[in-house]
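In what follows, a single structure is set out as structure tokens and then discussed.
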Amino acid sequence: MQIFIDLANLIRGWITGMGISEAAAEIVMTAVGAVAVIVFILIHVILLILAERRVSAFFQLRKGPNRLGPIGIGQVLADVVKTLGKEDIIPAGADKFVFKIASTTFFATALLAYAVIPFGEGMIIQDLNIGIFYFIAIGSTATMSVLMAGWSSNNKYAMIGGMRGVAQMISYEIPMVFSLLGVVMLAGSLKMSDIVEAQKNMWFIVPQFIAFLIYYIAATAEINRAPFDLPEGEQELVAGFFIEYSGIRWALFAMAEYANMVAVSAIATTLFLGGWNAPFGLTFIPPFVWFMLKLYVMIFTFLWVRWTFPRLRVDHLMHFGWKFLIPASLANILVTGIGIYIYRAITG
Amino acid sequence: MVFMFWLIAIITLGSALAMVLNKNIFRSALFMVVTFIGVAAMYVLLQADFLAAVQILVYAGAIAIFIVFGIMLTVRGNMKQTNLFSKNAALAGLVSLVLVVINAIMVLTSDWPVSEAAPPVETVGQIAELMLTKFIVPFEVVAVLLLVALLGAIIIAKEVKKTS
Numbered sequence: 123m124q125i126f127i128d129l130a131n132l133i134r135g136w137i138t139g140m141g142i143s144e145a146a147a148e149i150v151m152t153a154v155g156a157v158a159v160i161v162f163i164l165i166h167v168i169l170l171i172l173a174e175r176r177v178s179a180f181f182q183l184r185k186g187p188n189r190l191g192p193i194g195i196g197q198v199l200a201d202v203v204k205t206l207g208k209e210d211i212i213p214a215g216a217d218k219f220v221f222k223i224a225s226t227t228f229f230a231t232a233l234l235a236y237a238v239i240p241f242g243e244g245m246i247i248q249d250l251n252i253g254i255f256y257f258i259a260i261g262s263t264a265t266m267s268v269l270m271a272g273w274s275s276n277n278k279y280a281m282i283g284g285m286r287g288v289a290q291m292i293s294y295e296i297p298m299v300f301s302l303l304g305v306v307m308l309a310g311s312l313k314m315s316d317i318v319e320a321q322k323n324m325w326f327i328v329p330q331f332i333a334f335l336i337y338y339i340a341a342t343a344e345i346n347r348a349p350f351d352l353p354e355g356e357q358e359l360v361a362g363f364f365i366e367y368s369g370i371r372w373a374l375f376a377m378a379e380y381a382n383m384v385a386v387s388a389i390a391t392t393l394f395l396g397g398w399n400a401p402f403g404l405t406f407i408p409p410f411v412w413f414m415l416k417l418y419v420m421i422f423t424f425l426w427v428r429w430t431f432p433r434l435r436v437d438h439l440m441h442f443g444w445k446f447l448i449p450a451s452l453a454n455i456l457v458t459g460i461g462i463y464i465y466r467a468i469t470g
Numbered sequence: 296m297v298f299m300f301w302l303i304a305i306i307t308l309g310s311a312l313a314m315v316l317n318k319n320i321f322r323s324a325l326f327m328v329v330t331f332i333g334v335a336a337m338y339v340l341l342q343a344d345f346l347a348a349v350q351i352l353v354y355a356g357a358i359a360i361f362i363v364f365g366i367m368l369t370v371r372g373n374m375k376q377t378n379l380f381s382k383n384a385a386l387a388g389l390v391s392l393v394l395v396v397i398n399a400i401m402v403l404t405s406d407w408p409v410s411e412a413a414p415p416v417e418t419v420g421q422i423a424e425l426m427l428t429k430f431i432v433p434f435e436v437v438a439v440l441l442l443v444a445l446l447g448a449i450i451i452a453k454e455v456k457k458t459s
């Protein structure tokens, strides 16, 4: 899978060969990386829509889509055509400007998170010094878009959905950050490549299993998936904060949700499952393939959870977040700190 | 670099102005987010990457809460009633003018040191070390202050039950 890196170097060679300065070449390469990420997201959205339907059907002992093409592949294409062909409806009472940009900003925040995801050795758009912290900071701004969509729609269901979204995402962001802190303490760095490197011998899911569970629960809440899909609970709020959206604007929300799911899975893979490191010395399989395999396992567990657990009640959600997850994540930091101290005292 | 500075400066100050002048309280708050992101971009230009991320996480991220409270406490059916404008324009203008003049004098008379040192590669560790050694007392005081605020909010929200 050296091919992607070779390709990047080839493009870089072309650009600098045209006599452009180093800085300009860097900007162009970032743009190329962004396009690659968008293609990556689009492919995965298409795959995930189908996977979600097939997996949900499997869990509910149904057949799922099976008419259009083998295992219903054609269904996805039909969906895409339908979405693109729909009229873009903006409610008369809406705050039109905010309504229009909300879907774009939601997708943009999902896209920005991909800047620090290491898909393989050297396959990262920007290996920032503050890598994982950048991801957290960008993730926190997604709340804004949810609220913008909910408020500007001028619809009570959308408003309630937006408010729930803010309460939920802000509350669950705290245990998520604290759970990642345990990993950062063990790796001694916020840089993604350093964190992956530190897991060469042992994946962090072993010493940080509690943190992994906390991260998994909090991440499910952050990306608004069942059992934490209160901001868009169908039975109560029809579609929650994006109820008034249609056509391509609705599709942007749906795509961003899947993009977020892939992003948090990728972060879980990088921080807890060893990233692109090969387990048991199986290095003949390239790092990129290992990363994708682990990523798909994580994504499958998200689908599994969604179609297995019922939705939480709003007050239970808040109680669980503030009274259980946050103390548990704080205790995890304390235990990790003591553990590191003891380990250093023994090994010297 | 200079071009980027001016671009970011114009966006930051422009959105700050838009925030103050906008009659719609929700849009004001959104312009405030743009201002905060502009400040974060300034930090990036100054090679302070950690501070930039903190700026986005703490300020831009927390604006959502700010808006929620703003809407819940102030919004009326008619936006004009929500965001009342003060009538004391003359007095406000005078106070602002005095502030601008004082700030301008301070900026112009200060001797700004220019550092030739290369920007530090790793910023997080240095900040952490300063916070936990030299500035440990202010750091702990802020922590206690935040705890008091948190407890106060809980007491106001839940009301203390009288136990006789």
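Chain order of the listed sequences is W and A. To get this note's numbering, take the position in the first sequence, counting from 1, and add 122. To get this note's numbering, take the position in the second sequence, counting from 1, and add 295. Note that CB positions come from ideal geometry on N, CA and C, so glycine has one too.
- Using a Cβ-Cβ cut-off of 7 Å, residue 344/A is close to 250, 251, 252 of chain W, given in chain order.
- In this structure the stretch 342–349 of chain W touches the stretch 287–301 of chain W; the number of beta carbon pairs closer than 8 Å is three or more.
- Using a CB distance cut-off of 8 Å, residue 302/A does not count as an interface residue toward chain W.
- Around the beta carbon of residue 197/W, a 10 Å sphere encloses 16 or more other beta carbons of the protein chains shown; the residue is thus reported as buried.
- Residues of the stretch 422–433 of chain A with a C-beta atom less than 9 Å from some C-beta of chain W do not occur.
- With a contact defined as Cβ atoms closer than 8 Å, residue 330/W and residue 399/W miss out at about 15 Å.
- At a cut-off of 8 Å between C-beta atoms, residue 363/A counts as an interface residue with respect to chain W.
- The C-beta distance from residue 232/W to residue 340/W rounds to 17 Å, too long to fall under 8 Å, and the pair is not in contact.
- For residue 389/A, there are no C-beta contacts with chain W under 7 Å, since the nearest C-beta of that chain is about 34 Å from it.
- Those residues of the stretch 303–323 of chain W placed with their C-beta closer than 7 Å to a C-beta in chain A are 312, ordered along the chain.
- The C-alpha of residue 346/A is placed about 21 Å away from the C-alpha of residue 304/W.
- Under the Cβ criterion of 8 Å, residue 348/A is counted among the residues facing chain W.
- Nearest C-alpha to residue 409/W among 204/W, 392/W, 267/W: 392/W.
- Straight across, the Cα-Cα distance linking residue 340/A with residue 309/A is about 19 Å.
- For residue 454/W, the enclosing alpha helix (DSSP H) stretches over residues 448–469.
- Taking the Cα of residue 218/W as reference, the smallest distance to any Cα among 389/A, 415/A, 322/A, 413/A is reached at 322/A.
- Counting C-beta pairs closer than 8 Å gives fewer than three between the stretch 241–258 of chain W and the stretch 327–338 of chain A, which falls short of the contact rule.
- For residue 298/A, the closest Cβ of chain W is not nearer than 8 Å.
- For the pair residue 459/W and residue 324/W, the CB atoms are not nearer than the 8 Å cut-off.
- Chain W has a Cβ within less than 8 Å of the Cβ of residue 321/A.
- Secondary structure remark: continuous alpha helix (DSSP H) runs of at least 4 residues inside the stretch 384–435 of chain W, in chain order: 409–428.
- For residue 433/A, the uninterrupted alpha helix (DSSP H) segment begins and ends at 431–453.
- Shown here for residue 378/W: same chain residues with a beta carbon closer than 6 Å to its own, the five before and five after excluded, namely 228, 229, 232 in chain order.
- Closest by C-alpha distance to residue 319/A, out of 414/A, 395/A, 365/A, is 365/A.
- Secondary structure in the stretch 349–420 of chain A: the alpha helix (DSSP H) runs of 4 residues or longer, each lying completely within the stretch, are 356–369, 374–377, 384–404 in chain order.
- A straight line joining the alpha-carbon of residue 267/W with that of residue 192/W spans about 37 Å.
- Counting only runs of 3+ residues, no beta strand (DSSP E) is found wholly inside the stretch 321–353 of chain W.
- With fewer than three CB-CB distances shorter than 8 Å, the stretch 199–212 of chain W does not count as touching the stretch 347–355 of chain W.
- For residue 152/W, the enclosing alpha helix (DSSP H) begins and ends at 144–181.
- Assignment of residue 133/W by DSSP, reduced to helix, strand and coil, places it in the helix class.
- Listed along chain W, no residue sits closer than 7 Å to residue 447/A by beta-carbon distance, the nearest being about 16 Å off.
- Cβ-Cβ distances below 7 Å link residue 173/W to 425 in the same chain, with the five nearest sequence neighbours on each side left out; the list follows chain order.
- Rounded to the nearest whole angstrom, the CA to CA distance from residue 420/A to residue 370/W is 44 Å.
- Pairing residue 445/W with residue 362/W, the inter-Cα distance amounts to about 26 Å.
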